[in-house]
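Participant: Going line by line, the protein sequences match chains A and B. Position 243 of the first sequence, counted from 1, bears residue number 245 in our numbering, the numbering being contiguous throughout. Position 146 of the second sequence, counted from 1, bears residue number 199 in our numbering, the numbering being contiguous throughout. Glycine residues also receive a C-beta, built at the ideal position from the N, C-alpha and C atoms. No experiment lies behind these values; they were computed from the predicted model shown.
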Amino acid sequence: MIEVKNISKSFGEKHVLKNISACFERGKTNLIIGASGQGKSVLTKCIVGLLEPDEGEIIYDGRNFTKMPFKERKEIRKEIGMLFQSSALFDSLTVEENVKFPLAMHTNMNEDEMLERVNFCLNRVNLSGVNHLYPAEISGGMQKRVGIARAIALNPKYLFCDEPNSGLDPQTSIVIDNLIKEITEEFDMTTIVITHDMNSVMEIGEKIFFIYQGQKWWEGDKTTILHSDNKELNDFVFASAIMRNMKDKC
Amino acid sequence: MLFYHIGRYTILMGRVFSRPEKWKLYRQQFAREVMSIGLGSLGLVALISFFMGAVITLQTASNIDSPLIPLYTIGFTARQSTILEFSPTIIALILAGKVGSNISSEIGSMRITEQIDALEIMGINSAAYLVLPKIVAAIFINPFLIIYSMFLSLFGGWFVGIATGIVSSNQYIYGIQYDFDSFSVTYALIKTVFFAFVITSVPAYFGYYVRGGSLEVGKASTQSFFYSAVLILIINYIITQLLLI
Chain A
3 MIEVKNISKS FGEKHVLKNI SACFERGKTN LIIGASGQGK SVLTKCIVGL
53 LEPDEGEIIY DGRNFTKMPF KERKEIRKEI GMLFQSSALF DSLTVEENVK
103 FPLAMHTNMN EDEMLERVNF CLNRVNLSGV NHLYPAEISG GMQKRVGIAR
153 AIALNPKYLF CDEPNSGLDP QTSIVIDNLI KEITEEFDMT TIVITHDMNS
203 VMEIGEKIFF IYQGQKWWEG DKTTILHSDN KELNDFVFAS AIMRNMKDKC
Chain B
54 MLFYHIGRYT ILMGRVFSRP EKWKLYRQQF AREVMSIGLG SLGLVALISF
104 FMGAVITLQT ASNIDSPLIP LYTIGFTARQ STILEFSPTI IALILAGKVG
154 SNISSEIGSM RITEQIDALE IMGINSAAYL VLPKIVAAIF INPFLIIYSM
204 FLSLFGGWFV GIATGIVSSN QYIYGIQYDF DSFSVTYALI KTVFFAFVIT
254 SVPAYFGYYV RGGSLEVGKA STQSFFYSAV LILIINYIIT QLLLI
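Listed below in structure tokens is the structure:
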């Protein structure tokens, strides 16, 4: 479980996050939704420690991340897997080397053990026969899956996914969404997904946080989101005719 | 602004020279960088050095008007110019362009495609992992490149001298041996070590802190060359003043 308590973050005069508190539960896919520029990515970067919040606390299973010395933070980071919007695969390394990288860095496994783990992770994301290809030689959807494989290589407790569906076709998006949900349940992880894709919200939104103008504006799940009377949330969620029809049918 | 850059550069170097997470991976990176920085520059260094030596010989010969000046002066001048200045400094400036822009664009691209963030999330000191092997590799391999450049430059001078008939082989070889002080090579290699640090660490700094997109990566590459070149010239002056005067 990850608890965020009263997080605020400003860049100069611009207040991006304003006193946000949230609790991201273990074994569930927690979604952070909101329009572009509302502070979703900044919130996530604060949670993983890529940005320092101006105020507030971040607690990983009772461990106060914000007050930790750098060395202890590094230990927690080894428990974090992250799928980036651009996949962020190392383009000078092959698929196999990318997934092997965190293992080589943080474990004492020998080559055979690492290869076994790499193949397990790649099989888990339904990828095979691509071990020796470079990221530039595979499709965007495959890159996302390699990103997930790399993220789970160290068996993390916490998984962060920054817009996992961006740039993907609807079918591949569903595959990625389902994969994230399955992996979360299978490995009992605390998963946080940033998205503004409403298909993802309706597919995997077990717990949803709506961020609006740097504040947590609404909290609920994929069922309650359809019946909310929050104007800003409704403007965001039901912007498309398909979603409005879905609401009418409900 | 200058103090801002100096401060941030110092902080980055502090992170670069912290204890590596796993020596084995750093050694592998070091080997890759030696190949990339050293072997990847052999052709360019050879081409520039050969013609540099050839041109020094021709220009020296064309400036010797008096019959009282012995022809071995051509070899002597080629040696002094090559060892003291041309090989260490000009090659460093060329490498600042070739190797430096490569480093800043490589690290800058990694920054804008979130690969550096990915390293940090994995609990890896990205600054040390990406920059340290490059600095160490350059400091290790550049002295060899400079010695290689010196030989080729002197060979270029000899070749052109013989081919054009402006100096005989014996006179040229006598000239390059005349009044030779081995400290001049030591001085050149000391300079090379400092230059190697500059042509890797400065571009790495500009690449590491890139914000934006490919346009900014290009700008970082240009900036890194400018600052590397200025630093090389300043350090060249300081070391010369300290060691030769």
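1. Kindly list the residues whose CB is nearer than 6 Å to the CB of Asn-232 (chain A), restricted to its own chain and excluding five residues on each side of it in sequence; keep chain order.
2. With distance defined between alpha-carbon atoms, name the residue in B:Tyr-290, B:Asn-289, B:Ile-226 nearest to Pro-123 (chain B).
3. So Thr-166 (chain B) contacts chain A; which residues on that side make the cut at Cβ distance below 7 Å?
4. Measure from the alpha carbon of Met-163 (chain B) to the alpha carbon of each residue in A:Glu-98, A:Ser-89, A:Arg-126, A:Leu-124, then state which is nearest.
5. If you measure between the beta carbons of Thr-245 (chain B) and Ile-156 (chain B), is that distance less than 8 Å?
6. When burial is assigned at 16 or more other CB atoms within 10 Å of the CB, is Met-88 (chain B) buried or exposed?
7. Which residue from A:Arg-65, A:Ile-34, A:Gln-87, A:Thr-96 puts its Cα closest to that of Ile-140 (chain A)?
8. Since His-108 (chain A) meets chain B, which of its residues come closer than 9 Å, beta carbon to beta carbon?
9. Here's the rule: buried if 16 or more other CB atoms are within 10 angstroms of the residue's CB, otherwise exposed. What is Gln-173 (chain A)?
10. Does any residue of chain A have a CB that is nearer than 8 Å to the CB of Leu-95 (chain B)?
11. Just tell me which of B:Leu-284, B:Tyr-262, B:Asp-232 has its CA closest to the CA of Tyr-305 (chain B).
12. If contact means a Cβ-Cβ distance below 8 Å, which residues of the stretch 207-228 of chain A contact chain B?
13. Could you tell me whether the stretch 116-129 of chain A touches the stretch 80-88 of chain A, using the rule of 3 or more Cβ pairs below 8 Å?
14. Spell out the partners DSSP gives Asn-32 (chain A) in its beta bridges.
15. Are the beta-carbon atoms of Leu-52 (chain A) and Ile-9 (chain A) separated by less than 8 Å?
16. Could you check the C-alpha separation between Ile-215 (chain B) and Val-152 (chain B) for me, to the nearest Å?
17. Whole angstroms is fine: what's the gap from Ala-131 (chain B)'s alpha carbon to Gln-230 (chain B)'s?
18. I'd like to know if the stretch 57-69 of chain A and the stretch 128-138 of chain A are in contact, where contact means that at least 3 CB-CB pairs between them fall below 8 Å.
19. How far does the beta strand (DSSP E) with Asn-8 (chain A) in it extend, from its first residue to its last?
20. Starting from Pro-104 (chain A), find everything on chain B with Cβ-Cβ shorter than 8 Å and list it in chain order.
21. Considering only residues of the same chain and omitting the five flanking positions on each side of Thr-126 (chain B), which have a CB-CB separation below 8 Å?
22. By Cβ distance below 7 Å, which residues in the same chain neighbour Ser-179 (chain B) in space, the five residues on each side in sequence not counted?
23. Under the rule that 16 or more other beta-carbon atoms within 10 Å means buried, what is Phe-272 (chain A), buried or exposed?
24. Could you check the C-alpha separation between Thr-261 (chain A) and Met-54 (chain B) for me, to the nearest Å?
25. Decide if the stretch 94-107 of chain B is in contact with the stretch 138-151 of chain B; the criterion is three or more beta carbon pairs, one per stretch, under 8 Å apart.
26. What do you reckon, are the CB atoms on Thr-110 (chain B) and Val-213 (chain B) nearer than 8 Å?
27. For Asn-247 (chain A) and Ala-241 (chain A), what's the separation of their Cα atoms in angstroms?
28. Go to Ser-23 (chain A), then tell me how far its beta strand (DSSP E) extends in each direction, as first and last residue.
29. Exposed or buried, which one is Asn-112 (chain A) when buried takes at least 16 other CB atoms within 10 Å?
30. Apart from the five residues just before and just after Arg-147 (chain A), which ones in its own chain have a Cβ nearer than 6 Å to its Cβ?
31. Within 10 angstroms of the Cβ of Leu-295 (chain B), are there 16 or more other Cβ atoms? Answer buried if so, exposed if not.
32. Pull up the DSSP beta-bridge partners for Tyr-214 (chain A), would you.
33. Starting from Leu-129 (chain A), find everything on chain B with Cβ-Cβ shorter than 8 Å and list it in chain order.
34. Give me the Cβ distance between Ile-182 (chain A) and Pro-166 (chain A), rounded to the nearest whole Å; I'm assuming they're in contact under 8 Å.
35. What residue does the alpha helix (DSSP H) around Asp-179 (chain A) start on, and which one ends it?
36. Can you say whether Trp-76 (chain B) is buried or exposed, counting buried as having 16 or more other CB atoms within 10 angstroms of its CB?
Facilitator: On the basis of the supplied data:
1. In the same chain as Asn-232 (chain A), and ignoring 5 residues on each side of it, the C-beta atoms closer than 6 Å to its own belong to Trp-220, in chain order.
2. Pro-123 (chain B) has its Cα closest to that of B:Ile-226, out of B:Tyr-290, B:Asn-289, B:Ile-226.
3. Ser-88, Ala-90, listed in chain order.
4. The residue with the shortest Cα to Cα distance from Met-163 (chain B) is A:Ser-89.
5. Note that the C-beta distance between Thr-245 (chain B) and Ile-156 (chain B) is not below 8 Å.
6. Met-88 (chain B) should be labelled exposed.
7. The residue with the shortest Cα to Cα distance from Ile-140 (chain A) is A:Thr-96.
8. Within chain B, the C-beta atoms nearer than 9 Å to that of His-108 (chain A) come from Glu-74, Lys-75, Met-175, Gly-176, Ile-177, in chain order.
9. Exposed, because fewer than 16 other Cβ atoms sit within 10 Å of the Cβ of Gln-173 (chain A).
10. By the rule that beta-carbons nearer than 8 Å mark a contact, Leu-95 (chain B) does not touch chain A.
11. It is not possible to answer for residue 305 (chain B), since the shown part of chain B is limited to 54 through 298.
12. So nothing in the stretch comes that close.
13. No, the stretch 116-129 of chain A is not in contact with the stretch 80-88 of chain A.
14. For Asn-32 (chain A), the beta-bridge partners assigned by DSSP are A:Ile-194, A:Lys-209.
15. Against a cut-off of 8 Å, the Cβ pair of Ile-9 (chain A) and Leu-52 (chain A) comes out as no contact.
16. The straight-line gap from Cα to Cα measures roughly 34 Å.
17. Those two C-alpha atoms are separated by around 11 Å.
18. No contact exists between the stretch 57-69 of chain A and the stretch 128-138 of chain A.
19. Asn-8 (chain A) -> beta strand (DSSP E) spans 4-13.
20. Going along chain B in sequence order, the residues near Pro-104 (chain A) (Cβ under 8 Å) are Met-175.
21. Apart from the 5 residues on each side of it in sequence, Thr-126 (chain B) sits with its Cβ closer than 8 Å to the Cβ of Thr-113, Ile-117, Gly-228 in its chain, given in chain order.
22. Within the same chain, Ser-179 (chain B) has close Cβ partners Ile-169, Leu-172, Glu-173.
23. One cannot answer for residue 272 (chain A) here, as it falls past the ends of chain A, which runs 3 to 252.
24. There is simply no residue 261 (chain A) to check, as chain A begins at 3 and stops at 252 in what is shown.
25. Three or more Cβ pairs closer than 8 Å define a contact, and the stretch 94-107 of chain B meets that threshold against the stretch 138-151 of chain B.
26. When the beta-carbon positions are compared, Thr-110 (chain B) and Val-213 (chain B) come within less than 8 Å of each other.
27. Computed Cα separation, rounded: 11 Å.
28. In the DSSP assignment, Ser-23 (chain A) falls within the beta strand (DSSP E) that extends over 16-26.
29. Asn-112 (chain A) should be labelled exposed.
30. Same-chain partners within the cutoff: Val-127, Leu-129.
31. Of the residues assessed, Leu-295 (chain B) falls on the exposed side of the cut-off, its CB having fewer than 16 other CB atoms within 10 angstroms.
32. Within the DSSP bridge table, the entry for Tyr-214 (chain A) names A:Gln-217 as partners.
33. Those within 8 Å of Leu-129 (chain A) in chain B number zero; the least Cβ separation is about 18 Å.
34. Rounded to the nearest angstrom, the Cβ distance from Ile-182 (chain A) to Pro-166 (chain A) is 6 Å, consistent with a contact under 8 Å.
35. Note, Asp-179 (chain A): alpha helix (DSSP H), 172-189.
36. Per the 10 Å Cβ criterion, exposed.
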